[in-house]
């Protein structure tokens, strides 16, 4: 019972966090801020997926969140590298 | 016994939720770009770490098997967060800072990010324009 409420509380926290990163992606003034907001958004999505896996009681979502973690890391590095060098793979 | 584990997992969930919320709130609240870098890379990573600990404990106790995939995600995030923060900070220095305003680079002759090599055609100049080919 207490666990269900804790999971719902955590859903609310990470959902609000996702909305705030969305606001930051839309309204950021500089491209660096936008990349940072996208990176944070990926981390929040991982948290939401793991939480949904806990609620549903399956392990499928852990694999999905692992893949999203890797893709998020690679895409953040690629974005930062692109604004740094004007090129990703030289 | 079940109740104690449930309380522990709920505690981890609440703490991780607060950390995750704080991280993203800092992203829109803080004023300076480098302060903004500070909030999500640390607080959100810690929040996801707590959530994954809660997931490990709850699958071990309530579903009777110890799965360590979650630990893999934690490890990966703890490795990835400093690297992404370093890259974003480097891009910020490259685009917005001048060599005169930065502190002394120490034993190196200059800041490597701001070093301009005329032979490197892919390199952008610090103003953001493509260098001459």
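Residue numbers (this note's numbering), protein chains in the order written: chain Y, 24 to 113; chain V, 412 to 544.
C-beta: ideal position from N, C-alpha, C; glycine also.
| query | result |
| --- | --- |
| Under 9 Å by beta carbon: chain V residues contacting residue 57/Y | Those do not exist, as residue 57/Y stays about 10 Å from chain V at its closest Cβ, beyond 9 Å. |
| Reduced DSSP secondary structure (H/G/I, E/B, other) of residue 92/Y | helix |
| Alpha carbon of residue 420/V to alpha carbon of residue 414/V, nearest angstrom | 10 Å |
| Contact under 9 Å by Cβ, residue 462/V with residue 435/V | no |
| Interface partners of residue 100/Y on chain V, CB under 8 Å | 494, 495, 498 |
| Chain V contact for residue 41/Y (CB, 9 Å cutoff) | yes |
| First and last residue of the uninterrupted alpha helix (DSSP H) at residue 448/V | 444 to 450 |
| Within 9 Å, strictly: CB atoms of residue 488/V and residue 510/V | no |
| C-alpha distance - residue 43/Y paired with residue 439/V, whole-angstrom precision | 7 Å |
| Straight-line gap, residue 423/V to residue 493/V (C-alpha atoms, nearest Å) | 23 Å |
| Contact set for residue 485/V: own chain, Cβ-Cβ below 6 Å, skip 5 residues either direction | 460, 463 |
| Backbone CA spacing between residue 506/V and residue 45/Y [nearest angstrom] | 24 Å |
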